[in-house]
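Structure first, commentary second.
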Amino acid sequence: LSDNSLGRSLLMVSFGESHGEAVGVLIEGIPAGTEIDEKRINEWLARRKPSTSLASTKRKEDDTVEILSGVYRGKATGAPFVAIVRNKGYVDDFYSFAEEGWVRPGHADYPAYIKYKGFNDPRGGGRFSARITVGFVIAGAVAEEILKPLRIEVVGYTKSIGPVECPDFDIDNARKRYEFETRCPSAEHDALMQEEILKAKREGDSLGGTVRIITGKLPVGLGQPVFSSLDSELAKAYFSIPAVKGVEFGAGFRASKLRGSQNNDIYVLSNNEITTLTNNAGGILGGMTNGQPLIATIAFKPVSSIYRPQRTVNVKKIEEGILQLKGMHDACVIPRAVPIAEALTYFVFADMALRGGFINER
Ligand SMILES: Cc1cc2nc3c(=O)[nH]c(=O)nc-3n(C[C@H](O)[C@H](O)[C@H](O)COP(=O)(O)O)c2cc1C
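Everything in the sequence shown is counted per our numbering, starting at 134 for the first residue and increasing by one.
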């Protein structure tokens with residue numbers, strides 16, 4: 134296991150930098166015979182592209198996957214799978230400030246410079262750019278295929294952007310999320326959120342928000358207590374997405390204000406099947422799925438790159454100054470975070486399914 138890896142039976146290693154040659158992923162443990170469809174992976178990648186109408190970034194991310202190993206005639210061979218997406222459409226000139234030593238407030242520039250003694254690639258945030266989530270998404274597309282026998286479907290949607298929050302949607306209503314620019318599956322809230330993003334953009338500012346992840350009913354017992362409980366593994370994966378600042382399952386922090394009598398999900402029989410009347414647990418008890426749908430909420434901060442002059446420090450010259458950023462930034466990354474969070478959910482589920490014997494390892 135390395136610090137850039139996630140999972141065990143299904144293991145991914147993330148590699149690449151924002152302005153390097155490519156970003157990508159190495160995956161071990163894909164059961165031989167799993168279908169690997171490049172077209173489907175590219176459809177996944179297209180969902181994380183910046184929106185053209187919200188024009189949140191000037192970087193054109195026309196991402197196309199190149200599979201380098203582990204696939205023969207469209208099926209996984211059982212050997213290590215390596216896939217990359219070449220980096221195109223970036224402009225190094227916008228990052229001369231980083232080469233000069235100016236650190237962006239709210240980005241990883243300062244701790245990275247100290248930790249890696251100035252040897253890290255600072256262009257476009259290097260390893261700390263959300264470009265690297267291209268590899269997460271490829272891994273998610275593969276994991277979705279591995280999970281097919283369990284009929285697990287993961288759906289994410291934008292739950293809030295800044296002050297605008299939509300109601301809770303079930304999986305049937307949330308499925309149409311990609312028909313909306315903001316990935317919020319309600320025309321009314323999508324319009325309000327778009328307005329909010331464009332307002333922040335006009336003001337040279339950025340906005341945070343939340344992504345909700347839901348599933349249909351799940352098999353009981355997915356998750357490996359105690360340190361690999363499903364919630365710990367999911368939280369670890371979600372916190373690896375840049376800009377994530379909070380993760381909740383089910384009633385989450387709100388449960389701390391409830392009484393047991395209000396929070397307990399009462400078991401009942403429905404057509405002879407065990408189910409619960411409510412889902413405050415978010416589908417997880419004791420670190421294992423309890424058969425109810427997963428409900429996770431992931432909170433993102435407003436990203437650091439804003440178009441206002443900001444005070445900061447030059448770590449090479451050790452002097453104060455004013456930083457004015459140029460080009461290529463998202464005013465709000467929440468819509469783009471939806472497929473990334475979905476992908477990591479599929480990946481953790483697939484790893485847990487293999488580790489728990491729900492699917493045969495190769
Ligand atoms: C899809 C996506 C796009 C992002 N784009 C930007 C960006 O344009 N500018 C920026 O400052 N941060 C962006 N971020 C967040 C930074 O990468 C992140 O804030 C930074 O690495 C520091 O890490 P932390 O916020 O998790 O502490 C993006 C995050 C995501 C999920």
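We treat Cβ as the ideally placed atom computed from N, Cα and C, and that holds for glycine.
Fair warning: this is a prediction, and the values are worked out from it, not measured in the lab.
heavy atom of ligand 1 below 7 Å from residue i C-beta
| i | result |
| --- | --- |
| Arg469 | yes |
| Val353 | no |
| Pro472 | no |
| Ala241 | yes |
| Ser262 | yes |
| Ala272 | no |
| Ser438 | yes |
| Ala376 | yes |
| Gly258 | yes |
| His322 | no |
| Thr266 | yes |
| Asp195 | no |
| Lys332 | no |
| Val224 | no |
| Lys281 | no |
| Lys434 | yes |
| His462 | yes |
| Val466 | yes |
Residues bridged to residue i (per DSSP)
| i | result |
| --- | --- |
| Ala209 | Val204 |
| Ser403 | Glu406 |
| Met421 | Leu418 |
| Glu199 | Ile217 |
| Glu235 | Correcting the residue identity first, residue 235 is Trp in this sequence and not Glu. Paired residue(s): Asn447. |
| Met145 | Leu139 and Ile160 |
| Phe313 | Phe313 pairs with nothing; no bridge assigned. |
| Gly342 | Ile294 and Phe433 |
| Glu168 | Lys208 |
| Ile347 | Val288 and Ile428 |
| Gln357 | Ser361 |
Residue i - containing beta strand (DSSP E), residue span
| i | result |
| --- | --- |
| Glu286 | It is not in any beta strand (DSSP E) - Glu286 carries neither H nor E in the DSSP assignment. |
| Ser394 | Element bounds for Ser394: not the beta strand (DSSP E) but the alpha helix (DSSP H), Gly393 to Asn396. |
| Lys378 | Val377 to Phe382 |
| Leu456 | Glu452 to Leu456 |
First through last residue of the alpha helix (DSSP H) which encompasses residue i
| i | result |
| --- | --- |
| Ser362 | Neither: Ser362 is in no alpha helix (DSSP H) and is coded neither H nor E. |
| Gly499 | Any answer about residue 499 is impossible in this case: the structure gives the chain only from 134 up to 495. |
| Phe302 | Element bounds for Phe302: n/a, residue is neither H nor E. |
| Glu475 | Ile467 to Arg488 |
| Arg180 | Glu171 to Arg180 |
| His152 | Segment: none, His152 is in no alpha helix (DSSP H) and carries neither H nor E. |
| Lys390 | Element bounds for Lys390: n/a, residue is neither H nor E. |
| Glu329 | Ala320 to Arg335 |
| Lys248 | Asp242 to Lys248 |
Below-8 Å beta-carbon distance, residue i vs any chain D residue
| i | result |
| --- | --- |
| Glu176 | In the structure shown, chain D cannot be found, because there is only a single protein chain. |
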